[in-house]
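Those letters in the sequence shown? Residues 59 to 160, per the working numbering, in order. Glycine included, every Cβ here is placed at the ideal spot set by N, Cα and C. To start, the structure itself, in structure tokens.
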Amino acid sequence: MADTGGAGTATGGHIRMDVLLWYLRLVRSRSQGKWLAEQGLIRANGTRVVKAHHAVRCGDILTVPQGPRVLVLQIDRLPWRRGPAEEAMACYSEPEDRRASG
């Protein structure tokens, strides 16, 4: 079976950046997620992302622009679908060091 980008909630899996952004409801479409990733506007663990197929795993820290603000997210578990907002928000949190300084 081919990897379509959806990894479920397994901690050893990964998911494509464009799919993750769409599943987490940070963008309105997967193509918008692809564009955002390919523009180099996202960072994963401090490294600039330039490919939509960049693999994201549990524990990764993402920096994602959202209009005038920048979100810093730690991926706690991988989503398996684009569900309701509450389900999407349960997949990430604000990193510990960011909470202490903010």
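Residue(s) in a DSSP beta bridge with residue i
i, result
"P137", "Note: P137 sits in no beta bridge, so no partner."
"V128", "P123"
Backbone secondary structure at residue i - three-state DSSP
i, result
"A146", "helix"
"R74", "strand"
Buried versus exposed, by CB contacts within 10 Å (16 or more), residue i
i, result
"D76", "buried"
"A95", "buried"
Residue i to residue j span [Cα, whole Å]
i, j, result
"W93", "K109", "9 Å"
"W138", "M147", "13 Å"
"R127", "T121", "10 Å"
"L79", "G71", "16 Å"
"H112", "R74", "6 Å"
CB-CB length for residue i against residue j, believed under 8 Å
i, j, result
"S151", "Q124", "So it is not a contact: roughly 16 Å between Cβ atoms."
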